[in-house]
Structures are given as structure tokens and as C-alpha cells.
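Asks:
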Amino acid sequence: MMITMPIKHARSAVRKGRRALIDLQLARKVKDVDAFLVSYPKSGRTWLRYLLSIYLAKVYAVPVKLDLATTFQVLPNFDLDRGRGLPVFASSGNDAKLPLIAVSHRTYEQRFFAQKPVIMLVRDPRDVIVSAYFHQTQHKKRFSGTIPEFLIDDEFGIKSVIDYHNGWAEGLGHSPALVISYEDLSKNTDTTVRQILAFLNIPLNEDYLRDAIAGAAFDRMKQVEKAKPIPGHAYNADNADSSRVRKGKVGGYQDNLSPADVQNIEDMMRSGLSADAVKLMARSGYCV
44 MMITMPIKHA RSAVRKGRRA LIDLQLARKV KDVDAFLVSY PKSGRTWLRY
94 LLSIYLAKVY AVPVKLDLAT TFQVLPNFDL DRGRGLPVFA SSGNDAKLPL
144 IAVSHRTYEQ RFFAQKPVIM LVRDPRDVIV SAYFHQTQHK KRFSGTIPEF
194 LIDDEFGIKS VIDYHNGWAE GLGHSPALVI SYEDLSKNTD TTVRQILAFL
244 NIPLNEDYLR DAIAGAAFDR MKQVEKAKPI PGHAYNADNA DSSRVRKGKV
294 GGYQDNLSPA DVQNIEDMMR SGLSADAVKL MARSGYCV
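The following block contains the structure:
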């Protein structure tokens, strides 16, 4: 008797098999990576990537006109996507080698990240979860419930935030690491970027740094996104809640979360975060 697999399970098996094959290919490419920039989704990575790509493109004379599509040529995702991943990484236009800084939202895996320099960007989880809610409901359209329902969703909610940071808090002990926060980047952009450049041993050019900070200013980035949205995503860049550059406001969660929502987040974070992850999150000013 032939046993058939439900379609849903069959599709899941195919996805897992495809992911395993991609992971094998990525494991072979790790040797080419100079450093990683990692963060949980919606922690401000798009802004930091764009700012750094402007700076690096100038320092290493990369022949590219920067926008939210071509930024991946300077700081590609750590995947094999032909529009945003390692295959689009550009070569520098001068004698100095453009460092390959691969960008990732992946959970910690030793085979990929151990021993490689890591810059980790953290953000207040309350702001993260609000941004993630609008991203999944308006941009990705993978979730259709309320914010309270989103908070307790295993895939997208606070559990996912906790698991990610617990894994990385332990994993960072295996790599040279620099932890920065979205809050510090917002308040002291110049100082924070200088820390990143020093950590990566990238030459400092005052004029280029000033231009990069100005070019990645929030209002400027919104204009850039409207002119040319991020590739590989079907969304309305004119809609403030669906755009990748949404608000960027520190403490903006207060506009969307009720006191009960905030308490629920704090309760889950307090019970779920490891001691090392608590210290990691404290860099954002969030205290459990």
C-alpha cells in the first residue's frame, strides 16, 4: 500500500531540503567573509547597512550609485540570493580590497559565525516588536491578527525575539565581537560608526564619514526608498507602515502598545532571557 504525504508536509520537506543544500553551499563560502553584521529583524539594520555602504563605496572606490537596491553590492546578505546576496558583492575599484561584510538575521550557528568578527546590532524589544508587527502585516502580509495576538505568536512574536538573543548571547563568546545599539546609533551616530570602523580596521576619512551620515539620514532614506524600493519585495513604499524605512523612532512603541501589551512583553522577556542575553539587551537601554 502506497503511503502519501500531506501536501503541507511535502512542501515543508522540500523547503527544508532546499535550505539544507543552500546551507552547505554557504558553509563553503564562509572562508571569504571578513566579518558579519547581525541583528534580529527590524532592529535598524537597513539604516546601518545603507550608511556603511555609502562610506565603504567611497573609501574603496566601488563603482556603484548607491540606493536601497545597490547597497547589497557593498554589504550583501549572507545568502545566495542573486539580487541581495553574496553573488552581487562588488569588487573595489582601487588597490585596497573591499572587505566582505556579510549581513544576516540568522540565528547563531557555530559553523557559520564562530571565529569571525561579528558586529551585533540590538534594539529595545518593544520597538522591535512594533516594527515587526507592521512589517509582517503591511509589508510581508504573513500575519493578520492584532498586536496582542502577534506578541504571543511563536514564529513572529516575543518568543522569537528571546530565542534569537539567547542564542547569540552564547555564540558571541566564540568570536571577536562588537555590540552596538540602535539607540546609540540614533543618538551618537558619528561615535558609533567610528567604533565600527575601528573594530573592522577600516580607514577613517572624516569627509566620507560626514557624507555617509548625511546621505543615510532618515528623511533622505525615505526618499531613496520611494524612488527605488528594496528588491525582492512586493510592497507599497509610499505606505508609511509597509515601507522598510518606517519611523525609526526610539521609544515609538508607546504609540502602539497598550500598558497591558508592555507588561506582557516584560513578563515574557523576564522569564525567557538568559543572563547573558539580559546583558546583551541592556545595551539598548532595555532592562529586564
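For the sequence shown, position 209 matches number 252 in our numbering, and the numbering has no gaps at all.
All C-beta atoms, glycine included, are put in the ideal place defined by N, C-alpha and C.
At 3 residues or longer, and completely inside the region 113–201: list those beta strand (DSSP E) runs for me, N to C.
Replies: You should have 144–147, 161–165.
Asks: Roughly how many whole angstroms lie between the Cα atoms of Ala318 and Pro106?
Replies: Those two C-alpha atoms are separated by around 45 Å.
Asks: Would you please state the rounded distance, in angstroms, between the beta carbons of Phe261 and Gly291? I believe it to be under 8 Å.
Replies: The Cβ separation is near 5 Å, so the contact holds.
Asks: Quick test of your reading: Leu343 and Asp227, contact by CB under 8 Å. State the CB separation rounded to the nearest angstrom.
Replies: The shown model of the chain, from 44 to 331, leaves out residue 343, and the question about it has no answer.
Asks: For Leu95, count neighbouring Cβ atoms within 10 angstroms of its own Cβ and tell me buried if that reaches 16, exposed if not.
Replies: Counting Cβ neighbours within 10 Å, Leu95 comes out buried, since at least 16 surround it.
Asks: Using the C-alpha atoms, what's the distance from Asn248 back to Lys271?
Replies: Approximately 28 Å between the Cα atoms of the pair.
Asks: Do you know offhand how far Val102's Cα is from Ala255's?
Replies: Straight-line Cα distance between these residues: approximately 11 Å.
Asks: Drop a sphere of 10 angstroms on the beta-carbon of Ala320, count the other beta-carbons inside from all chains shown, and report buried for 16 or more, exposed for fewer.
Replies: Buried.
Asks: Which residues does DSSP list as the beta-bridge partners of Ser224?
Replies: For Ser224, which the question treats as bridged, DSSP gives the partners Val165.
Asks: Between the C-alpha atoms of Lys140 and Gln116, what's the straight-line distance to the nearest angstrom?
Replies: Between Lys140 and Gln116, the C-alpha separation is close to 14 Å.
Asks: Taking the straight line between their C-alpha atoms, what separation do you get for Lys265 and Leu118?
Replies: Lys265 and Leu118: Cα-Cα distance of roughly 19 Å.
Asks: Specify the secondary structure class of Ala318 as computed by DSSP and reduced to three states.
Replies: It is helical.
Asks: Since I believe Tyr176 is in contact with Phe156 (beta carbons under 8 Å), could you give me their beta-carbon distance rounded to a whole number of angstroms?
Replies: Rounded, the Cβ-Cβ distance is 28 Å, inconsistent with contact.
Asks: Are there 16 or more other CB atoms within 10 angstroms of the CB of Gln179, so buried, or fewer, so exposed?
Replies: Classification of Gln179: buried, given that the 10 Å Cβ count is 16 or more.
Asks: Alpha carbon to alpha carbon, how far is Ser82 from Lys108? Give it in angstroms, no decimals.
Replies: If I take the Cα positions, the gap works out to 26 Å.
Asks: Along the chain, where does the beta strand (DSSP E) that runs through Leu80 open and close?
Replies: That run of the beta strand (DSSP E) goes 78–82.
Asks: Can you tell which of Ala257, Ile205, Lys184, Ala104 has the C-alpha that lies nearest to the C-alpha of Asp138?
Replies: The residue with the shortest Cα to Cα distance from Asp138 is Ala104.
Asks: Could you check what DSSP says for Met44 in three-state terms: helix, strand or coil?
Replies: For Met44, the pLDDT reaches just 47, beneath the cut-off of 50, and the residue's location in the model is therefore unreliable, although a value from the coordinates is still provided. DSSP places Met44 in coil when its eight states are reduced to three.
Asks: Please classify Ile85: is it buried, with 16 or more other beta-carbons within 10 angstroms of its beta-carbon, or exposed?
Replies: The sequence as given places Lys at residue 85; Ile does not occur at that position. Buried is the call here.
Asks: Got a sec? Which residues, its chain only, sit under 7 Å from Phe199 by beta carbon, not counting five neighbours each side?
Replies: Closer than 7 Å at Cβ, skipping near neighbours: Ala175, Gln179, Phe186, Phe193.
Asks: Which value, in whole angstroms, describes the spacing of the CA atoms of Pro302 and Arg313?
Replies: Each residue's alpha carbon lies about 16 Å from the other.
Asks: Looking at Met163 and Ala78, is the spacing between their C-beta atoms short of 8 Å?
Replies: Going by C-beta atoms, Ala78 is not nearer than 8 Å to Met163.
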